[in-house]
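Engineer: The sequence shown begins at 716 in the numbering used here and counts up one residue at a time.
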Amino acid sequence: MRFPELIPAVFIKRGNRFTAGVKLESGGFTTAYVPTTGRLTGALHPGGRVWLSAAKNLARRTAYNLVLTELENGGYCSVNAVMANYLFNEHTSSGRLGAFQYEVIDKEVTIGRSRLDFRLSTGKETCWVEVKSVTFAQNGMGKFPDAPTARGRRHMEELVTLVAQGDRASAVFIVQREDAHTFGPFDAIDPEFGSVLRTIYKQGVEVHAYRCDVTTSKIEIAEEIPVEL
Numbered sequence: 716m717r718f719p720e721l722i723p724a725v726f727i728k729r730g731n732r733f734t735a736g737v738k739l740e741s742g743g744f745t746t747a748y749v750p751t752t753g754r755l756t757g758a759l760h761p762g763g764r765v766w767l768s769a770a771k772n773l774a775r776r777t778a779y780n781l782v783l784t785e786l787e788n789g790g791y792c793s794v795n796a797v798m799a800n801y802l803f804n805e806h807t808s809s810g811r812l813g814a815f816q817y818e819v820i821d822k823e824v825t826i827g828r829s830r831l832d833f834r835l836s837t838g839k840e841t842c843w844v845e846v847k848s849v850t851f852a853q854n855g856m857g858k859f860p861d862a863p864t865a866r867g868r869r870h871m872e873e874l875v876t877l878v879a880q881g882d883r884a885s886a887v888f889i890v891q892r893e894d895a896h897t898f899g900p901f902d903a904i905d906p907e908f909g910s911v912l913r914t915i916y917k918q919g920v921e922v923h924a925y926r927c928d929v930t931t932s933k934i935e936i937a938e939e940i941p942v943e944l
């Protein structure tokens, strides 16, 4: 997935959950839209370099979107939560994810009380997939979530129901940074999510995690990484 031409800036402070104050390297201060509900702990820090894209809607209150942050120990983090879904769809469509080889890809399918990200199918075989974006990493481990998520727990529980009905189901975690070589639930932030993830795994839901390569021009899934539950 290639990025549009990005605009360098310096992060000043988070205005609220969806806005960030930044100083453009070309001069001037502005506000950028932050496309995630997460806290971006460890990925966004005052004085750190960030990269923005120009908003397509010129009437919008924020003229820019936050796209990348530069990590304190080097490298980049893609902060757009929806990017994880784009990457999964792109790599599955092109057959680059060995665990998910299917002919038909349906997106955002309503099931029960939730809308799951993907329904993959070939003939009578169906695989349901819920994708989560990971932006936090510590000591080489990507962790999710970085903020409590009741919605995320509900999605995980829906996957168990589908397995009980005879379908395949998987929780997929896309780590949008290069410095994570394993993945695990962030129990210190949301112990209930970790408990749910471990429970559904024991009941037949698969858990996969992937690390990304990230530059200021593109992001792509690099490899599957071990999951530690």
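For each residue, glycine too, the CB sits at the ideal point set by N, CA and C.
Drop a sphere of 10 angstroms on the beta-carbon of L812, count the other beta-carbons inside from all chains shown, and report buried for 16 or more, exposed for fewer.
Structural biologist: When all chains shown are included, L812 counts as buried.
Engineer: What span of residues does the alpha helix (DSSP H) with G730 cover, start to end?
Structural biologist: Counting along the chain, G730 falls outside any alpha helix (DSSP H), though it belongs to the beta strand (DSSP E) covering 722-731.
Engineer: How long is the line joining the alpha carbons of S836 and R926, rounded to whole angstroms?
Structural biologist: Cα-Cα distance, rounded: 25 Å.
Engineer: Going by DSSP, what residue range makes up the beta strand (DSSP E) through I934?
Structural biologist: 934-940 is the extent of the beta strand (DSSP E) around I934.
Engineer: Going along the chain, which residues of its own chain have a beta-carbon closer than 8 Å to the beta-carbon of E943, five neighbours each way excluded?
Structural biologist: For E943, where only same-chain residues beyond five positions count, the Cβ hits under 8 Å are M856, T897, F898, G899.
Engineer: Leaving out five residues before and five after N780 in sequence, what residues of the same chain have Cβ atoms less than 7 Å from its Cβ?
Structural biologist: These residues qualify, in order along the chain: A747, Y748, P750, L767, S768, A770.
Engineer: With distance defined between alpha-carbon atoms, name the residue in A799, F859, P723, G730 nearest to F833.
Structural biologist: Comparing Cα positions, the closest option is A799.
Engineer: How is the beta strand (DSSP E) around G889 delimited, first residue to last?
Structural biologist: What sits at residue 889 in the sequence shown is Ile, not Gly. 883-890 is the extent of the beta strand (DSSP E) around I889.
Engineer: Look at R754 and A862 and say whether their C-beta atoms are less than 8 Å apart.
Structural biologist: Yes, they are a contact pair.
Engineer: What would DSSP say about H760, mapped onto helix, strand or coil?
Structural biologist: It is coil, neither helix nor strand.
Engineer: Please classify V794: is it buried, with 16 or more other beta-carbons within 10 angstroms of its beta-carbon, or exposed?
Structural biologist: Flag for V794 reads buried.
Engineer: I need the DSSP call for L874, collapsed to helix, strand or coil.
Structural biologist: Residue state, collapsed to three classes: helix.
Engineer: Helix, strand or coil for K858? Go by DSSP, reduced to three states.
Structural biologist: DSSP places K858 in strand when its eight states are reduced to three.
Engineer: Is it a yes or a no for the stretch 914-925 touching the stretch 872-879, going by three-plus beta-carbon pairs under 8 Å?
Structural biologist: The stretch 914-925 is in contact with the stretch 872-879.
Engineer: Return the chain-ordered ranges of every alpha helix (DSSP H) run that is complete within the stretch 793-846 and spans a minimum of 4 residues.
Structural biologist: Runs found: 798-808.
Engineer: Could you give the distance in angstroms between the alpha-carbon of K933 and the alpha-carbon of F718?
Structural biologist: So the two alpha carbons sit approximately 5 Å from each other.
Engineer: Could you tell me which of L786, A814, Q891, D905 sits nearest to N848, measuring between CA atoms?
Structural biologist: Just to set this straight, residue 848 is Ser in the shown sequence, not Asn. For the residues L786, A814, Q891, D905, the minimum Cα distance to S848 belongs to Q891.
Engineer: Look at the Cβ atom of G790, then the Cβ atom of D905, and state whether they are nearer than 8 Å.
Structural biologist: Result no, Cβ atoms of G790 and D905 do not sit closer than 8 Å.
Engineer: Between E921, F888, T752, which has its C-alpha nearest V846's C-alpha?
Structural biologist: Measuring from the Cα of V846, the nearest candidate turns out to be F888.
Engineer: Nearest-angstrom Cα distance between V844 and A886?
Structural biologist: The straight-line gap from Cα to Cα measures roughly 6 Å.
Engineer: With distances taken Cα to Cα, identify the nearest neighbour of V725 among T777, L759, V819, T850.
Structural biologist: Among T777, L759, V819, T850, the Cα nearest to that of V725 belongs to L759.
Engineer: If we count the other Cβ atoms within 10 Å of its Cβ and call it buried at 16 or more, is A924 buried or exposed?
Structural biologist: Result: buried.
Engineer: By Cβ distance below 8 Å, which residues in the same chain neighbour Y801 in space, the five residues on each side in sequence not counted?
Structural biologist: Closer than 8 Å at Cβ, skipping near neighbours: M716.
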